[in-house]
Amino acid sequence: MDSKVGGVYSWKYFKILWNCFDLFIIIISIIDLITQELTHDNTQSSLQIDHNQQIHTQFERLNHFLKVLRVLRVLRSFRALRVLRTIRFIQPIHTIVKTCFKALPAMASITFIMIIITCISAIIARSLFGDICPEKFNNLIKTFFSLFTLLTLDDWYSVYQVCADRDYASFQLIFCLIYIFIINFILLNLLMAVL
Numbered sequence: 513m514d515s516k517v518g519g520v521y522s523w524k525y526f527k528i529l530w531n532c533f534d535l536f537i538i539i540i541s542i543i544d545l546i547t548q549e550l551t552h553d554n555t556q557s558s559l560q561i562d563h564n565q566q567i568h569t570q571f572e573r574l575n576h577f578l579k580v581l582r583v584l585r586v587l588r589s590f591r592a593l594r595v596l597r598t599i600r601f602i603q604p605i606h607t608i609v610k611t612c613f614k615a616l617p618a619m620a621s622i623t624f625i626m627i628i629i630t631c632i633s634a635i636i637a638r639s640l641f642g643d644i645c646p647e648k649f650n651n652l653i654k655t656f657f658s659l660f661t662l663l664t665l666d667d668w669y670s671v672y673q674v675c676a677d678r679d680y681a682s683f684q685l686i687f688c689l690i691y692i693f694i695i696n697f698i699l700l701n702l703l704m705a706v707l
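In my numbering, the protein residues as written are 513 to 707.
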């Protein structure tokens, strides 16, 4: 990077966003390295100072500030995004990524419809089965979780089986099947078709 900035490219280097991203990651890494070193040194220094309370308090403040700066470590995880830089060189992957970005508005619309149907279904399920089957439909959070279990078809039978011994078991089965049919077989497949 140093040779690109100082040598051939100079000011043109900063016109490319990927180069600015690389510079950002390098600066964050340097700050993190410095804060690690200063935190380590301050921890050892504060252990040696036990009589002079004022100096000890200043070291504690500096140590606290440096620990706050260590939050920047999270930003270093953006280094994984550098892999995206190679996508522009591989044409098929570039086409797939571009298509995915073009499909985002349609996917957002379908997802919004799925959320609305799930909310309506949660309210209906809570009002119909809340008293009958409190293990799965006692409140809206449990109801949403039960409906999500139905959505993924992961152990959907357990949602039905808990309430199967009680009244309205056949009505609950019809409700579960209608919800699975609408959400999973229609909207989820529509979401995959758009993608």
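All residues carry an ideal CB built from backbone N, CA and C; glycine is no exception.
Asked                                                                                                         : Found
Inter-residue Cα distance where the pair is valine 595 and phenylalanine 657                                  : 35 Å
Touching by the beta-carbon criterion (3+ pairs, under 8 Å), the segment 634–649 and the segment 607–625      : no
For isoleucine 628 and aspartate 544, the rounded distance between their alpha carbons                        : 44 Å
Length of the line joining the Cα atoms of valine 671 and asparagine 650                                      : 13 Å
Cβ neighbours of threonine 661 in the same chain (closer than 7 Å, five flanking residues each side left out) : Asp667, Trp668, Val671
Local conformation of leucine 665 per DSSP, three classes                                                     : coil
Beta-carbon proximity list for threonine 655, same chain, < 6 Å, skipping 5 on both sides                     : Ala634, Ala637, Arg638, Phe649
Inter-residue spacing [alpha-carbon to alpha-carbon] between threonine 623 and leucine 703                    : 8 Å
Residue closest to cysteine 675, alpha-carbon to alpha-carbon, out of Cys688, Ile542, Ile608                  : Cys688
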